[in-house]
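A short write-up of the structure that comes next.
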Amino acid sequence: MNSLLVFILAIINGMLIDNVILSRFYGICPFLGVSKKTNSALGMGVAVIFVIVLATIITWPIYNFILVKANIQYLDTIVYILVIASLVQFVEMFIKKYSPSLYKSLGVYLPLITTNCAVLGVAQGNTDQGLSFIDSLANALGTSFGFLVVIFIFSCIRYRLETANTPKCLKGFPIALITAALMSLAFLGLSGIIEI
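Quick note: our numbering has the sequence shown finishing at residue 200, numbered continuously throughout.
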């Protein structure tokens, strides 16, 4: 199969079929916390894309050319967290300077990208699976864009649910969790479509 086609299919697989939120349940905290408004959801999604892709670009060579060569692969999680924390600080400073309203709406969830298991899960998964740099990049792009797609769709649904005639006992997080479960089932229906 053509390598470009495989790259594109790997991105689609990470976005829709093996979605980080709906199939692996990584990144649930910002998914539920920031998805009340579409602007906040888009801002968080773009920030996560930036952090996941750059973290992959930085951590893959560090792991393969430094940690493996020095035979200290067991330090990978600590190194990944340091890289991710540095990137999140950069993103936080950038958003604070150029979009104060987005910075305010993201609130505590922006620094939480540092401990977002979706970001760490991609970096760790790339090395645990022994993916090449190109495959790691495809995984990072697919996972991060999948995060953006799902959090945006979820924010649109939650916006509609705010005005819907929902029973009082289901308002807020209960109906949000039910909606997330239904979205997960819908995305599960896509499994098996792409075989790489």
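A virtual CB, placed ideally from N, CA and C, is assigned to each residue, including glycine.
Scan the region 99-161 and note each continuous alpha helix (DSSP H) run of 4 residues or more that stays entirely inside, going in chain order. Fully enclosed alpha helix (DSSP H) runs of 4 or longer: 104-110 and 121-132.
Return helix, strand or coil for Tyr67, following the three-state DSSP convention. In this structure, Tyr67 counts as helix in the three-state DSSP scheme.
Among Pro171, Ala144, Thr118 and Ser159, which one has its Cα closest to the Cα of Ala14? Ranking Pro171, Ala144, Thr118 and Ser159 by Cα distance to Ala14 puts Ala144 first.
Cβ-based burial, Met19 [other Cβ within 10 Å; buried from 16]: Buried, because 16 or more other Cβ atoms sit within 10 Å of the Cβ of Met19.
Would you check if there are 3 or more beta carbon pairs closer than 8 angstroms linking the region 51-70 to the region 79-90? With the cut-off at 8 angstroms, the region 51-70 and the region 79-90 touch.
Between Val83, Phe98, Pro34 and Leu174, which has its C-alpha nearest Trp64's C-alpha? Across the set Val83, Phe98, Pro34 and Leu174, the C-alpha of Val83 shows the shortest separation from the C-alpha of Trp64.
Buried or exposed for Tyr113, going by 16 or more other Cβ atoms inside 10 Å? Buried is the call here.
Buried versus exposed, by CB contacts within 10 Å (16 or more), Leu181: Sixteen is the threshold: since fewer than 16 other Cβ atoms of the shown chains lie within 10 Å of the Cβ of Leu181, the residue is exposed.
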